[in-house]
Ligand SMILES: [Zn+2]
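Residue numbers (the working numbering): 150 to 419.
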């Protein structure tokens with residue numbers, strides 16, 4: 150089954166060797182899970198070989214503005230060491246002194262967009278200090294992948310996202326975890342149909358049934374869903390196996406596994 154499809158994993162986290170064994174357990178505690186994989190580039194590439202993943206979009210999140218340039222350099226270095234296996238997103242922080250300089254760095258490093266995580270970075274998506282980020286993503290045509298949804302907090306829930314996505318209609322936005330982690334039903338009921346919205350399926354299968362996955366995917370449309378694993382939290386192989394078990398036809402699988410992500414992150418090749 151897997152050999153039939155090219156696979157683009159549009160949501161992966163990687164960490165430098167010297168911090169990986171602290172960083173991954175910290176995320177695990179936040180989400181009350183135990184990550185299945187290690188979180189280094191070498192481990193990701195090994196997992197991808199096993200699973201039949203051709204290309205991974207890698208990212209890392211800055212918790213302070215000072216970390217932004219070095220994280221972006223780390224991601225770009227990983228991509229340039231494995232240009233046929235990886236592509237990358239940059240990080241930004243709303244409290245940066247010079248957001249436009251950070252965005253220019255992302256562009257000059259060849260990164261394909263921006264990743265934000267409101268709950269971990271400590272902001273609500275509709276705060277005034279975030280607006281320049283959305284303006285810059287629009288102006289520089291950088292797709293924005295954002296962690297979305299958490300019923301324990303009120304940072305990136307669907308009712309905050311809806312007006313934002315309408316206001317920044319020229320920005321391509323990817324709502325991770327089907328647009329609303331832990332709020333899957335509320336998310337698609339609020340957000341499905343927005344023309345600038347894509348979602349990824351990462352870190353969702355473990356809390357859903359195949360039937361509910363089918364329902365959520367059909368609400369957004371198979372043109373709007375990207376395959377993503379949230380590596381290292383989940384094994385790429387088991388996430389792929391789950392997607393194949395849901396019962397989508399080949400045409401829909403091809404879109405979700407490759408075409409949709411390629412059109413978002415490599416529009417020049419379409
Ligand atoms: Zn993520």
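We put the CB at the ideal spot given by N, CA and C, even for glycine.
Can you give the Cα-Cα distance for residue i and residue j, rounded to whole angstroms?
i           : j           : result
residue 160 : residue 153 : 21 Å
residue 374 : residue 168 : 32 Å
residue 249 : residue 214 : 13 Å
residue 357 : residue 176 : 21 Å
residue 363 : residue 271 : 32 Å
residue 391 : residue 246 : 43 Å
residue 268 : residue 298 : 9 Å
residue 399 : residue 156 : 13 Å
residue 257 : residue 395 : 40 Å
residue 217 : residue 200 : 31 Å
residue 401 : residue 361 : 16 Å
residue 412 : residue 418 : 8 Å
residue 193 : residue 233 : 14 Å
residue 231 : residue 179 : 30 Å
residue 291 : residue 263 : 7 Å
residue 185 : residue 382 : 5 Å
residue 330 : residue 304 : 12 Å
residue 407 : residue 347 : 13 Å
residue 314 : residue 279 : 13 Å
Can you tell me whether DSSP reads residue i as helix, strand or coil?
i           : result
residue 207 : strand
residue 423 : Nothing about residue 423 can be reported from this structure: the residues present for the chain run from 150 to 419 only.
residue 295 : strand
residue 360 : helix
residue 338 : helix
residue 289 : coil
residue 182 : coil
residue 163 : coil
residue 170 : helix
residue 240 : strand
residue 391 : helix
residue 349 : strand
residue 372 : coil
residue 263 : strand
residue 327 : coil
residue 332 : coil
residue 398 : coil
residue 258 : coil
residue 302 : coil
residue 414 : helix
residue 251 : helix
With a CB to CB cut of under 8 Å and the five nearest residues on each side skipped, what residues in its chain are close to residue i?
i           : result
residue 276 : 243
residue 368 : 337, 338, 341
residue 172 : 164, 188
residue 190 : 163, 207, 227, 230, 231, 235
Cβ-heavy atom distance between residue i and ligand 2 below 7 Å?
i           : result
residue 251 : By its list of ligands, the structure shown excludes ligand 2, since it contains just ligand 1.
Using C-beta distances below 7 Å, list every residue in its chain close to residue i, excluding the 5 sequence neighbours before and after it, in chain order.
i           : result
residue 165 : 223
residue 281 : 248
residue 236 : 204, 206, 228, 261, 414
residue 378 : 158, 160, 161, 351, 385, 388
residue 365 : 327, 333, 337
What is the C-beta distance between residue i and residue j, in whole angstroms, given that I count them as a contact (C-beta under 8 Å)?
i           : j           : result
residue 309 : residue 338 : Their Cβ separation, rounded to whole angstroms, is 15 Å, which puts residue 309 and residue 338 out of contact at 8 Å.
residue 388 : residue 354 : 6 Å
residue 119 : residue 287 : This structure cannot settle anything about residue 119, because the visible part of the chain is limited to 150 through 419.
residue 126 : residue 307 : Residue 126 lies beyond the residue range present for the chain, which begins at 150 and ends at 419; the question has no answer from this structure.
residue 283 : residue 317 : 5 Å
residue 293 : residue 323 : 7 Å
residue 372 : residue 403 : With a Cβ gap of about 11 Å, residue 372 and residue 403 do not count as contacting.
Please determine whether the Cβ atom of residue i lies at a distance below 7 Å from any heavy atom of ligand 1.
i           : result
residue 325 : yes
residue 177 : no
residue 379 : yes
residue 242 : no
residue 160 : yes
residue 266 : yes
residue 231 : no
So, for residue i: in the same chain, excluding its five sequence neighbours on each side, which residues have a beta-carbon less than 6 Å away from its beta-carbon?
i           : result
residue 211 : 217, 220, 240, 242
residue 409 : 375
residue 302 : 268
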